[in-house]
Structures are given as structure tokens and as C-alpha cells.
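Single-structure report; data block below.
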Amino acid sequence: MADKHSLGSSSPILAGLDVGGTKLGLCVGDQDGRVLAADRIATDPARSPDELLGEAIAGIGRLAASIGAPRIEALGLAVPGPLSYREGRLLEVPNMARWQFFGLRDWLARASPWPADFMNDANASMLAEANWGAAKGTTSAVFLTMSTGMGAGLWLDGRVYEGPRALAGEIGHLRLRGDGPVGFGVRGSVEGYCSGPGIVQVAEAERLAAQQAGLATGLAGLAPITSKDVCELAQRGDTAALAVVRRCGRELGRLCAILADVLDPEVIVLGTIGTAYFDLWAPFARDGLLRDAIRGAEQRVRIAPSSLEDRGNQTALAVARRLLGAAPPRRGELA
Numbered sequence: 001m002a003d004k005h006s007l008g009s010s011s012p013i014l015a016g017l018d019v020g021g022t023k024l025g026l027c028v029g030d031q032d033g034r035v036l037a038a039d040r041i042a043t044d045p046a047r048s049p050d051e052l053l054g055e056a057i058a059g060i061g062r063l064a065a066s067i068g069a070p071r072i073e074a075l076g077l078a079v080p081g082p083l084s085y086r087e088g089r090l091l092e093v094p095n096m097a098r099w100q101f102f103g104l105r106d107w108l109a110r111a112s113p114w115p116a117d118f119m120n121d122a123n124a125s126m127l128a129e130a131n132w133g134a135a136k137g138t139t140s141a142v143f144l145t146m147s148t149g150m151g152a153g154l155w156l157d158g159r160v161y162e163g164p165r166a167l168a169g170e171i172g173h174l175r176l177r178g179d180g181p182v183g184f185g186v187r188g189s190v191e192g193y194c195s196g197p198g199i200v201q202v203a204e205a206e207r208l209a210a211q212q213a214g215l216a217t218g219l220a221g222l223a224p225i226t227s228k229d230v231c232e233l234a235q236r237g238d239t240a241a242l243a244v245v246r247r248c249g250r251e252l253g254r255l256c257a258i259l260a261d262v263l264d265p266e267v268i269v270l271g272t273i274g275t276a277y278f279d280l281w282a283p284f285a286r287d288g289l290l291r292d293a294i295r296g297a298e299q300r301v302r303i304a305p306s307s308l309e310d311r312g313n314q315t316a317l318a319v320a321r322r323l324l325g326a327a328p329p330r331r332g333e334l335a
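In my numbering, the protein residues as written are 1 to 335.
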């Protein structure tokens, strides 16, 4: 069922499509980031990208009609995983086998009734935060996804930085420890410690340790454990869950210190898990700046939650909004 809000000013109407592992979020909105109508489609693994995207395009048309929008100026897509702008395709898409190497640019050129562009979801999130959220008014910021995976969107000198091959911010594989939970195929990596599945790996080890020591923990009866379970138990003072948060939080702090020293951001935005449980994770991020970064980083670099009201839809709208301006071509599209 679509959510709808009234159509206000004559601001250009934009469309957004947020592609995720469980759903495609579709919306229409304006250049101020207001979502005027929204809906979602389940990402059925048995259906092809062509089918799902075709249904989404039709759904966006219905959303626009439902609010009386005369026309859509641009469509933006936020998509998971690394991309190749040179080839116009998705590369590695976690948990979405039929989307691997999908030629999105060609599909949009053929099937979209509106000018369209797409962007890695971490970069799109960073763009939305810079337009309307926690990084508004800054010239340098980092967005950390802290979700099913762990990537970074980079806002440098007042624009999203994607790199010549659109691989900037792919931090999940970076090794923080020689041993530890596995993420992005690397033991002890950023994704191993700071993503939802990584937090679960640490929780499973802590649960076993508690059981062997004869200690009570709310983790004991959970099958499966989720990162939400861990955070909520930690908030209630569960000893094993707090140990998980401390272990993963120390590595989050180490990562924030590295980002602060290398990029000198004004703000680091903790997304998804970090936003939902900000009071749990932010102290570790700040402590990392104090402990591991150049002196004074804890005063220069702000740690913040996302302040977007509807991040999934607004990330896609931010990509569409980019088409309204004279956005420079990505370097990967020039060769």
C-alpha cells in the first residue's frame, strides 16, 4: 500500500528507486527531499531485474498520478555493491544473484520514460545527508552504512567522491585485526566487525563463552541472533551483549580514527545500526578519535546519526536531484 502526502509547490517532481536485498523502494518527491508518495516491491530472487524494474517503473507512474503530478523530471536509483560506470553495470551484489553484472545503464536507456541515473547506495546516502541531513552545510563528511554490509560514502570538497573506477569508499575488506570475524571475505575486517552479520558472528562467540562459563545471557535462547537483538540486550545491560558491543565498538572507533586522519571530515555519520542505536555506538566512535587519531580530532570531527526521515527513499531522490543540475560526468564514463 502506498504512503501519500499532498502535492505542495510547483517544485520539480522527482522519482526514486532504492534497490535492496529484500525490497525495491519506490517513491516520488521533490528537490527538497520531501517524499510525496511511496511504495515497495518485494525483491523476489526468482524474478529477473528486468521484471522487477519494469514493475517499479509502472509503480512510480501510478504514484505520480495518485498525487496529481503532471510530470516527472528525473529518476534516481540507489543500488547496492560496487559499480562500473565505464560499463554501466552492477558488479558484486550481495544476496542478489540475478543482479550480478546487470547492465543497468542500457536497461534505463531502453525502458525509463524519464532521464535517469544510478549511484552506489553508500554514495547516494552520503549525497542525501549532504543535501538534507546530518552533513548539510559541510564540505567534508563520511557516511558509514553499518547495515548488511559496511561501506562508506565520501563527501570531499563539497561533492561526492567516487574515484575513477567508482570504488572509493569500499572499506569493508580493510583488515583491522589479524584475526576476528569474517566480512567481505576477510577475517578481522571492517565489515567483519561493523556490519550486522559481523556483529552476529561476535555475538555467537560471546554466547558460547558465556554458556561455557555458566553465565546467564539473553543471547542463549535466540535462533538466529540478529544485530537488533544484540543492541537491545546491550541496552538492557546483558553482560554478553555488552561484550559484543565493546569488541565491535573498539574497531569502529579505530576505523573512525583512520578516516579522520586520512580525510579530515567535519562529520562522520553512523548509518542504519549506528543511527538506530546511536547512544550505544557513538561513545566508541568518539573514544577512537580521542585514542587513535591526531590530537584534537575528537573536537574537530563530529559523530552523528543520520537525520534523514526516510533515508532509503531520500537517497534515491538525491540521485535524481543531481540530474537537475549540471553535474560533472564521472571519470569512469569518459574513457
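We put the CB at the ideal spot given by N, CA and C, even for glycine.
The closest CA to that of LEU104, considering only PRO113, ARG71, LEU83 and ASN95, is found on LEU83.
Contact between VAL269 and SER306 holds, with the beta-carbon distance rounding to 6 Å and staying under 8 Å.
One Cα belongs to ARG175, the other to ASP292, and the distance between them is close to 16 Å.
From the listed residues TRP114, ALA320, ARG311 and LEU323, the smallest Cα separation to SER125 is found for ARG311.
The alpha carbon of ALA56 has as its nearest neighbour, out of GLY196, ASN123 and ALA15, the alpha carbon of ALA15.
Non-local C-beta neighbours of THR272 in its own chain, meaning closer than 7 Å and more than five positions away in sequence, comprise THR145, MET146 and SER147, ordered along the chain.
Within the region 242 to 305, the complete alpha helix (DSSP H) segments at least 4 residues long are 273 to 276, 278 to 292 and 297 to 300, listed from N- to C-terminus. ALA128 and ALA111 have their C-alpha atoms roughly 26 Å apart. The secondary-structure analysis by DSSP pairs GLY16 across a beta bridge with CYS27 and GLY76. Ranked by how close their Cα comes to the Cα of GLY296, the residues ASN95, GLN314, PHE284 and ASP261 have ASP261 in first place. Per DSSP, the unbroken alpha helix (DSSP H) holding GLY196 starts and ends at 196 to 212. Beyond the five residues adjoining it in sequence on each side, PRO115 comes within less than 6 Å, by CB distance, of ALA74 and LEU323 in the same chain, given in chain order. In the structure shown, ALA38 adopts extended strand secondary structure according to DSSP, grouped into three states. Annotation for ASN313: the continuous alpha helix (DSSP H) segment containing it runs 311 to 322. Residue range 140 to 144 is occupied by the beta strand (DSSP E) that includes SER140. When DSSP states are grouped into helix, strand and coil, ALA152 belongs to the strand group.
CA-CA distance, ARG165 to CYS248, rounds to 30 Å. With 16 or more other CB atoms across the displayed protein chains lying within 10 angstroms of its CB, GLN201 is buried. In the DSSP assignment, ALA116 falls outside any alpha helix (DSSP H) and lies within the beta strand (DSSP E) extending over 116 to 120.
Here ILE199 is near VAL230, since their CB atoms are less than 9 Å apart.
Residues of the same chain with a CB within less than 7 Å of the CB of GLY196, apart from the 5 flanking positions on each side, are SER147, THR148, SER227 and ILE273 in chain order. GLY218 and ALA240 have their C-alpha atoms roughly 8 Å apart. Counting along the chain, the unbroken alpha helix (DSSP H) around LYS228 starts and ends at 227 to 235.
Between LEU154 and GLY133 the beta-carbon gap is near 15 Å, outside 8 Å, which marks them as no contact.
For ASP264, the CB contacts under 7 Å within the same chain, skipping 5 residues up- and downstream, are SER140 in chain order.
ILE225 and ALA203 do touch by the CB rule: their CB atoms are close to 5 Å apart, below 8 Å. ILE294 and LEU108 have their C-alpha atoms roughly 45 Å apart. Secondary structure note for ARG105: its alpha helix (DSSP H) is the uninterrupted segment 104 to 111. Shortest Cα-Cα distance from GLY29 to any of THR43, LYS23, VAL190 and GLY76 involves GLY76.
When DSSP states are grouped into helix, strand and coil, VAL186 belongs to the strand group.
One alpha carbon belongs to LEU63, the other to ILE13, and they sit about 11 Å apart. Under DSSP, SER84 takes part in a beta bridge, and its partners are ARG89. Taking 9 Å as the cut-off, the Cβ atoms of ILE67 and LEU36 count as close. Counting along the chain, the unbroken alpha helix (DSSP H) around SER66 starts and ends at 49 to 66.
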